[in-house]
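Visitor: Numbering (this note's numbering), first residue to last: 3 to 252. The beta-carbon is built from N, C-alpha and C at its ideal position, and this holds for glycine as well. Note that this is a predicted model, so its numbers are computed, not measured.
Shown next as structure tokens:
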């Protein structure tokens, strides 16, 4: 009875730990979903409000760059080959980003500068500039939330206590089972061991969702197949439309 009561407490702690890890994973996914929505919205607004090909081109390319650098930043990486290989930015532009201590922040500065330049050129009204800037503010919020997930680990004392508690309980378990199941103790104890360790390892696997592991968020797909592909298509369509309008005007 005592072992069962202690086991119930152990199971509760394991489930709590697993749920806390899943909350971190799901919060990361929601924030990246917001980033995707903001990239599309910001690109759409830039095309609709600015119209000017040069400013729109700069906006869309640095929107893509922000998403890519945010991914690399969360992985503590500096490589930005997808920006040059995909012809998103030039080698010089990528080198400038890599020189910055905080790469996503530099991309936000570039976007703010482009909005300011467009407003100065008379391409944006005050309200339109504020609408574009609101998306940049949302970018900062989403980036900050992901940084919080990355840098705030599960409390060390909680993890150590849980694992010590679990190991002690599993060491005592076979002696109690022996009275009830005899030779069946070995397979039953092993099954319980793998079940509990599985729950614990799930928490370890998903509590940091921004890496390269199979169970981490598919950030390469989100930044490549989704964001980069969508926005480059949008930019190409805008160019064709602008060229057609220019031809008709002549």
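(1) Which value, in whole angstroms, describes the spacing of the CA atoms of residue 52 and residue 30?
(2) Are three or more beta carbon pairs between the region 43–51 and the region 94–104 nearer than 8 angstroms?
(3) Does the region 202–209 come close enough to the region 15–27 to have 3 or more Cβ pairs within less than 8 angstroms?
(4) Would you check if the distance between the CB atom of residue 76 and the CB atom of residue 138 is smaller than 8 angstroms?
(5) Is the number of C-beta pairs between the region 60–71 and the region 110–122 that are closer than 8 angstroms three or more?
(6) Nearest to residue 237 by alpha carbon, out of 80, 34, 35 and 41?
(7) Measure the alpha-carbon distance for residue 154 versus residue 120 and round it to whole angstroms.
(8) The alpha helix (DSSP H) that contains residue 73, what's its start and end?
(9) Can the beta-carbon of residue 198 be found less than 8 angstroms from the beta-carbon of residue 172?
(10) Just the Cα atoms here: how many angstroms apart are residue 162 and residue 17?
(11) Would you tell me roughly how many angstroms separate the C-alpha atoms of residue 230 and residue 160, rounded to the nearest one?
(12) Hey, residue 58 and residue 240 are a contact pair by Cβ (cut 8 angstroms); roughly how many whole angstroms apart?
(13) Output needed for residue 8: all residues of its chain with C-beta closer than 8 angstroms, excluding positions within five of it in sequence on either side, in chain order.
(14) Which of the three DSSP states is assigned to residue 216 in this structure?
(15) What does the Cβ neighbour count give for residue 308, buried or exposed, with the cut at 16 atoms within 10 Å?
(16) Would you report the Cα separation of residue 35 and residue 82, rounded to the nearest angstrom?
(17) Within 10 angstroms of the Cβ of residue 253, are there 16 or more other Cβ atoms? Answer buried if so, exposed if not.
(18) Mark residue 78 as exposed unless 16 or more other C-beta atoms lie within 10 angstroms of its C-beta, in which case mark it buried.
(19) Grouping DSSP H, G and I as helix and E and B as strand, with all else coil, what is residue 48?
(20) Which stretch, first to last residue, makes up the alpha helix (DSSP H) that contains residue 119?
(21) What first and last residue would you give for the alpha helix (DSSP H) that runs through residue 194?
(22) Can you find the residues in the same chain that come closer than 6 angstroms, C-beta to C-beta, to residue 221, ignoring five residues on each side of it along the sequence?
(23) Output the boundary residues of the alpha helix (DSSP H) element that contains residue 97.
Guide: From the atom records:
(1) Between the C-alpha atoms of residue 52 and residue 30 there is a straight-line separation of about 32 angstroms.
(2) Too few Cβ pairs lie closer than 8 angstroms, so no.
(3) Yes, the region 202–209 touches the region 15–27.
(4) Against a cut-off of 8 angstroms, the Cβ pair of residue 138 and residue 76 comes out as no contact.
(5) These segments touch.
(6) Selected option, being the one with the closest Cα: 41.
(7) In this structure, the alpha-carbon of residue 154 lies about 39 angstroms from that of residue 120.
(8) Run containing residue 73: 55–76, per the alpha helix (DSSP H) assignment.
(9) Yes. Within cutoff.
(10) Rounded to the nearest angstrom, the two C-alpha atoms are 16 angstroms apart.
(11) Those two C-alpha atoms are separated by around 41 angstroms.
(12) Contact between residue 58 and residue 240 holds: CB atoms are separated by about 6 angstroms, below the 8 angstroms threshold.
(13) Here the set comprises 171.
(14) Of the three classes helix, strand and coil, the one that applies to residue 216 here is coil, per DSSP.
(15) The requested residue 308 does not occur in the structure, where the chain is confined to residues 3 to 252.
(16) Near 21 angstroms, if we compare the C-alpha coordinates of residue 82 and residue 35.
(17) Nothing can be reported for residue 253: it is not among the residues displayed for the chain, which extend from 3 to 252.
(18) Residue 78 sits exposed, since fewer than 16 C-beta atoms from the chains shown fall within 10 Å of its C-beta.
(19) DSSP places residue 48 within a helical segment (H, G or I) once states are collapsed to three.
(20) Here the alpha helix (DSSP H) through residue 119 covers 105–122.
(21) It spans 187–208 - the alpha helix (DSSP H) in which residue 194 sits, taken as one unbroken run.
(22) Result list for residue 221: 73, in chain order.
(23) Counting along the chain, the unbroken alpha helix (DSSP H) around residue 97 starts and ends at 93–101.
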